[in-house]
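Colleague:
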Amino acid sequence: RNIDALLECDALVSLFGDRWSMGCGIERDIAERCNIQTFRQSVNETLPELAQVVQKLWTDRARKGAA
């Protein structure tokens, strides 16, 4: 079910530390192979900062009629 849901997504957001999870790694690999945009939280990036990046993506896409 996770893979089916992932294939319907516009982007994948990964939190810092996800590299320790095999499931997250599989999802990230599938997303990259399917050209799904991937955002990864860096070690110094807070969740609100990451959310701003994703929100900007959605706002830009909505303005272009692509969301």
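The sequence shown runs 1471 to 1537 under my numbering.
Think of the CB as a built atom: it goes at the ideal place given N, C-alpha and C, for glycine as much as any other residue.
From a predicted model like this one, the values you see are computed outputs, not experimental measurements.
Just the C-alpha distance for N1469 and P1518, rounded to the nearest angstrom, thanks.
Modeller: The structure shown does not extend to residue 1469, since the chain is modelled only from 1471 through 1537, so no value can be given for it.
Colleague: Can you tell me which of the three DSSP states V1523 falls into?
Modeller: Residue state, collapsed to three classes: helix.
Colleague: With distance defined between alpha-carbon atoms, name the residue in R1503, V1524, I1500 nearest to R1510.
Modeller: Cα-wise, what sits closest to R1510 is V1524.
Colleague: Quick one: what does DSSP say L1482 is sitting in, helix, strand or coil?
Modeller: Here L1482 sits in strand by DSSP.
Colleague: Considering Cα atoms alone, identify which of D1488, D1480, R1498, D1474 is closest to A1532.
Modeller: Checked all of D1488, D1480, R1498, D1474; the closest Cα to A1532 is D1480.
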